[in-house]
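Numbering (the working numbering), first residue to last: 149 to 592. Just so you know, even glycine gets a beta-carbon here, dropped at the ideal spot from N, CA and C.
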Amino acid sequence: MADAKTEDVLVAGAVRRAMWRLVPFLGLCYLLNYIDRTNVSFAQLTMNADLGLSAAAYGLGAGLFFVAYFFFEVPSNIILHKVGARVWIARIMITWGIIASGMAFVQNEAWFYVMRILLGIAEAGFFPGIILYLTYWFPRVTRAKMVALFFVAVPVSSVIGGPISTLLIANGDGAWGFDAGWRFMFFVEGIPSVLVGVLVLVLLADRPSKAAWLAPAEQQALEARIAAEDSAQVQHETGIRAGLADPRVLGLALVYFGIVFGSYVFQFFLPTVIKDMGKQFGTEYSIIQVGLITAIPYAVAALFMILNSRHSDRTGERRLHVAIPVFVGAAAVAVALFLGSPFLMIAAMSICAAGIWGSIPVFWTLPSVFLTGFGAAAGIALINSFGNLGGFAGPALIGALKDGTGTHTAGFFVVAAMLVMAGVAVMLVARRREVREGVTVSDS
Numbered sequence: 149m150a151d152a153k154t155e156d157v158l159v160a161g162a163v164r165r166a167m168w169r170l171v172p173f174l175g176l177c178y179l180l181n182y183i184d185r186t187n188v189s190f191a192q193l194t195m196n197a198d199l200g201l202s203a204a205a206y207g208l209g210a211g212l213f214f215v216a217y218f219f220f221e222v223p224s225n226i227i228l229h230k231v232g233a234r235v236w237i238a239r240i241m242i243t244w245g246i247i248a249s250g251m252a253f254v255q256n257e258a259w260f261y262v263m264r265i266l267l268g269i270a271e272a273g274f275f276p277g278i279i280l281y282l283t284y285w286f287p288r289v290t291r292a293k294m295v296a297l298f299f300v301a302v303p304v305s306s307v308i309g310g311p312i313s314t315l316l317i318a319n320g321d322g323a324w325g326f327d328a329g330w331r332f333m334f335f336v337e338g339i340p341s342v343l344v345g346v347l348v349l350v351l352l353a354d355r356p357s358k359a360a361w362l363a364p365a366e367q368q369a370l371e372a373r374i375a376a377e378d379s380a381q382v383q384h385e386t387g388i389r390a391g392l393a394d395p396r397v398l399g400l401a402l403v404y405f406g407i408v409f410g411s412y413v414f415q416f417f418l419p420t421v422i423k424d425m426g427k428q429f430g431t432e433y434s435i436i437q438v439g440l441i442t443a444i445p446y447a448v449a450a451l452f453m454i455l456n457s458r459h460s461d462r463t464g465e466r467r468l469h470v471a472i473p474v475f476v477g478a479a480a481v482a483v484a485l486f487l488g489s490p491f492l493m494i495a496a497m498s499i500c501a502a503g504i505w506g507s508i509p510v511f512w513t514l515p516s517v518f519l520t521g522f523g524a525a526a527g528i529a530l531i532n533s534f535g536n537l538g539g540f541a542g543p544a545l546i547g548a549l550k551d552g553t554g555t556h557t558a559g560f561f562v563v564a565a566m567l568v569m570a571g572v573a574v575m576l577v578a579r580r581r582e583v584r585e586g587v588t589v590s591d592s
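Encoded structure:
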């Protein structure tokens, strides 16, 4: 009993140190990732007219990022598992930062498409790589909270990224020789990713056993605890082929497709919805005001994400903590454009954002219940790859619907339908207990 208590103390201390040492820094990396991926949503407010882009062309270009991401995601995550997170995450960040700054020099529609594809290739593997990396460091009972603390960078990136991006656009005409504020914004916002990518080489350790800031006893206890959990949950290490072919992986990919479809439509079109909302209610929002209003739903989402993940960890329940938020988000987005005041519309958008982003950290606890090793690297990457095709389909389809109908209403109904599909799918996929923590028999 004393040995078990000693191990518990060592593990708790190691987890606490790892949380404070790794999670804020990884969150910063992801914050920069999301800003560089989605700042195009603010650039479009003036960029589309400068480049002659229609809503459909913009949506296609925004979504092409995810097609490139799809093809390079699985190989990238397998390389990360093989060579270590420190080197590979640094490579990803430095290359995407250079390309993100290069968006400043786009001259026409074709080059807009090319640069978005290159950005997708450069970023491929970052998010699933971090999800995999967190499984090396944190026991299962803490993972939803750790993913949430890391993933909170997404709404935070919009809380701070929107105002920063729009401020740079509004004041960037002529700065550093750029002829448009959106060019200045792209160039400036890519630089921090390159600098932080260099810091990754210095600050990250691949695994607990390589962390000089943990005592040897803490290193051993933490790695032993995670290995014992994996051995108890999954009877043998999952190979690449098994990880890719597992029907539960494909089911979770469908779930994630629906969630990501909604999240990127939200990301890429919310600024234009807010701008149109101003016209609908007889007012005119400046670019900076659009950025500030856009931050509100993401602030709500950040708070709910933490609360939902903590409750899921405390209760051990995963399925409903994914399904209920996306169902509520679907209902909110379906009615948002029919509400009679800008305040109610923003409230509905905030509920939708909370539902979408609040479900994602809990969702990412599901694959590691039945995948380990190279199978986890491949399976997590495959789920993210197929899911992120929603990031292509969503903006492209909604852009076409906006051009065809003149409003966002039809597109928002499609978003609601995709979120409902995701909620139903996770209820069906997680119906069997082998995708729920610590149990291996069927519910039925």
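Out of curiosity, what's the CA-to-CA distance linking E337 and F214?
20 Å
Assigned exposure category for V222 - 16 Cβ within 10 Å defines buried:
buried
Would you give the residue range spanned by the alpha helix (DSSP H) that E465 belongs to?
Here E465 belongs to no alpha helix (DSSP H), and DSSP marks it neither H nor E.
In terms of alpha-carbon separation, which member of S341, D378 and G527 lies closest to T243?
S341
Going by beta-carbon coordinates alone, are G406 and A252 separated by less than 8 Å?
no
Do the CB positions of M453 and P419 come within less than 8 Å of each other?
no
Length of the line joining the Cα atoms of G207 and A372:
47 Å
Are the Cβ atoms of P543 and Y412 separated by less than 8 Å?
yes
Work out the CA separation of E257 and A162 for me, nearest whole Å.
50 Å
When you compare the region 312 to 324 with the region 227 to 242, are there three or more beta-carbon pairs, one atom per stretch, that lie closer than 8 Å?
no
Going straight from the alpha carbon of F286 to that of F299, what length do you get?
15 Å
Just how far apart, CA to CA, sit V476 and I436?
30 Å
DSSP three-state label for P287, please.
coil
Taking 7 Å as the cut-off, is the beta-carbon of A372 closer than that to any non-hydrogen atom of the ligand ATP?
Absent from the structure shown: the ligand ATP. Ligands present: none.
Please report the distance separating the alpha-carbon of N196 from that of F416.
13 Å
Would A376 be called buried (16 or more neighbouring beta carbons within 10 Å of its own) or exposed?
exposed
Environment of D378 [buried if 16+ CB atoms lie within 10 Å]
buried
Spatial neighbours of K550 in its chain, beta-carbon cut-off 7 Å, leaving aside the 5 residues before and after
A203, H556 and G559
Secondary structure at A296, three-state DSSP: helix, strand or coil?
helix
Considering only residues of the region 508 to 572, which uninterrupted alpha helix (DSSP H) runs meet the minimum length of 4 residues and lie entirely inside it, listed in chain order?
521 to 553
Supposed close pair R169, W330 - CB separation, criterion 8 Å:
Not really, about 37 Å apart at Cβ, beyond 8 Å.
Could you tell me which whole alpha helix (DSSP H) segments of length 4 or greater appear in the region 210 to 271?
233 to 250 and 257 to 271
Between the alpha carbons of I183 and K153, how many angstroms are there, rounded?
44 Å
Exposure of K293, with buried meaning 16 or more beta-carbon neighbours within 10 Å:
buried
Please go through the same chain and pick out, in chain order, the residues whose beta-carbon is closer than 7 Å to the beta-carbon of M263, but skip the five residues on each side of it.
I247, G250, M251 and V254
Evaluate G200 with the Cβ neighbour count: other Cβ atoms within 10 Å of its Cβ, from every protein chain shown; 16 or more gives buried, anything less gives exposed.
exposed
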